[in-house]
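Visitor:
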Amino acid sequence: MGKTKAPNKKIVKKIKKILADNPQGLWIREIARRSGISKSCIHVYLNEYMDNDVKEIVSIPGLVKLYKLKK
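In the working numbering, the protein residues as written are 29 to 99.
In structure tokens form, the structure reads like this:
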């Protein structure tokens with residue numbers, strides 16, 4: 029079995045800053061574009077490492093999910 033890596037604090041901080049600057053929420057592609065981090069990496073961070081910090085909002089069922097910081 030593989031080891032679970034701890035999240036990179038710089039990446040978490042960068043994602044939180046982007047989401048804080050956009051309280052209306054952003055989709056993964058836009059977070060990736062603004063951060064310069066791959067979409068797959070953003071997805072892992074939002075869904076595994078930052079689950080307690082972000083809220084997922086379904087804008088178009090099955091197609092678009094927005095992510096925003098929890099209050």
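Beta carbons: idealized from backbone N, C-alpha and C, even for Gly.
Could you tell me how far apart the beta carbons of Lys-93 and Glu-84 are, in whole angstroms, since I believe they sit closer than 8 Å?
Guide: Here residue 93 is taken as the residue at index 65 of the sequence shown, counted from 1. Here residue 84 is taken as the residue at index 56 of the sequence shown, counted from 1. Right, the Cβ-Cβ distance comes to about 5 Å (below 8 Å), so this counts as a contact.
Visitor: How many angstroms separate the CA atom of Trp-55 from the CA atom of Tyr-95?
Guide: Residue numbering aside, residue 55 sits at position 27 when the sequence shown is read from its first letter. Residue numbering aside, residue 95 sits at position 67 when the sequence shown is read from its first letter. One C-alpha to the other measures close to 6 Å.
Visitor: Can you give me the Cβ contacts of Tyr-73 inside the same chain, cut-off strictly under 7 Å, excluding the 5 residues immediately before and after it?
Guide: Locating residue 73 in the sequence shown gives position 45, where the first residue counts as 1. For Tyr-73, where only same-chain residues beyond five positions count, the Cβ hits under 7 Å are Pro-35, Ile-39, Val-40 and Ile-43.
Visitor: Find out if the Cβ-Cβ distance for the pair Ile-46, Ile-59 is shorter than 7 Å.
Guide: Walking along the sequence shown from the start, residue 46 turns up at place 18. Walking along the sequence shown from the start, residue 59 turns up at place 31. Yes. Within cutoff.
Visitor: Considering Ser-66, what are the terminal residues of the beta strand (DSSP E) in which it resides?
Guide: Along the sequence shown, one-based indexing puts residue 66 at 38. Unbroken run through Ser-66: none, as it is neither H nor E.
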